[in-house]
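Asks:
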Amino acid sequence: MPPIEITASELHDEMSAAQPPLLIDVRNPWEHEVARIAGSTLIPLDSLQSRISEIEAGRRLVVYCHHGMRSLTAAQFLQQAGREARSLQGGIDHWSRSIDPDVPRY
Numbered sequence: 005m006p007p008i009e010i011t012a013s014e015l016h017d018e019m020s021a022a023q024p025p026l027l028i029d030v031r032n033p034w035e036h037e038v039a040r041i042a043g044s045t046l047i048p049l050d051s052l053q054s055r056i057s058e059i060e061a062g063r064r065l066v067v068y069c070h071h072g073m074r075s076l077t078a079a080q081f082l083q084q085a086g087r088e089a090r091s092l093q094g095g096i097d098h099w100s101r102s103i104d105p106d107v108p109r110y
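Letter 10 of the sequence shown, counting from 1, is numbered 14 in the numbering used here, and no numbers are missing.
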């Protein structure tokens with residue numbers, strides 16, 4: 005099983021690969037409206053279990069939230085469901101500080 009977390013710089017590198025990971029935002033809709041990583045799909049943590057069938061099978065997944073706690077829970081759930089999932093360490097806040105300062109912080 006792969007590591008449960010991925011750093012912002014590792015994710016940035018993987019996003020330019022031929023098969024980039026699928027990004028799942030597990031925050032609330034209002035948070036997604038404020039700030040998001042381009043190309044991500046919003047599936048709030050509280051609906052992840054009921055919406056797992058919407059996530060393409062066989063794709064590597066990276067889940068993220070604000071600071072990385074909800075996404076750790078999501079990654080653990082997804083791994084237990086047989087998916088290759090990792091959590092963005094430090095969440096979108098760290099992404100904004102280290103990779104893309106155009107992503108608003110809140």
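Glycine is no exception: its CB is placed at the ideal position from the N, C-alpha and C atoms.
If you compare alpha carbons, which of Pro105, Pro48 and Ser57 is closest to Tyr68?
Replies: On the sequence shown, residue 68 is found 64 positions in, with the first residue counted as 1. The shortest C-alpha separation from Tyr68 is found at Pro48.
Asks: If you measure between the beta carbons of Glu9 and Gln83, is that distance less than 8 Å?
Replies: As a first step, residue 9 must be located in the sequence shown, where it is residue number 5. As a first step, residue 83 must be located in the sequence shown, where it is residue number 79. Their beta carbons are not under 8 Å apart, which means Glu9 does not touch Gln83 by this criterion.
Asks: Would Asp106 be called buried (16 or more neighbouring beta carbons within 10 Å of its own) or exposed?
Replies: Here the question's residue 106 lines up with position 102 in the sequence shown. Classification for Asp106: exposed.
Asks: In terms of residues, what are the limits of the beta strand (DSSP E) holding Val67?
Replies: Numbered from 1 along the sequence shown, position 63 holds the residue referred to as residue 67. Leu65 to Tyr68 is the span of the beta strand (DSSP E), which, as asked, contains Val67.
Asks: Would Val66 pass as a contact of Pro33 if the rule is Cβ separation under 8 Å?
Replies: If you number the sequence shown from 1, residue 66 lands on position 62. If you number the sequence shown from 1, residue 33 lands on position 29. Taking 8 Å as the Cβ cut-off, Val66 and Pro33 do not qualify as a contacting pair.
Asks: How far does the alpha helix (DSSP H) with Ser91 in it extend, from its first residue to its last?
Replies: Position 87 of the sequence shown, counted from the start, is the residue given in the question as residue 91. Counting along the chain, Ser91 falls outside any alpha helix (DSSP H), though it belongs to the beta strand (DSSP E) covering Ala89 to Leu92.
Asks: Looking at the unbroken beta strand (DSSP E) that takes in Asp29, where does it start and where does it end?
Replies: Position 25 of the sequence shown, counting from 1, holds the residue named residue 29. Looking at the DSSP string, the run of the beta strand (DSSP E) that includes Asp29 is Leu26 to Asp29.
Asks: From the DSSP output, in three-state form, read off Thr11 for me.
Replies: Translated into the one-based positions of the sequence shown, residue 11 becomes position 7. Residue state, collapsed to three classes: coil.
Asks: Apart from the five residues just before and just after Ala78, which ones in its own chain have a Cβ nearer than 6 Å to its Cβ?
Replies: Residue 78 sits at position 74 when you count from the first residue of the sequence shown. These residues qualify, in order along the chain: Val30, Leu49, Leu52 and Val67.
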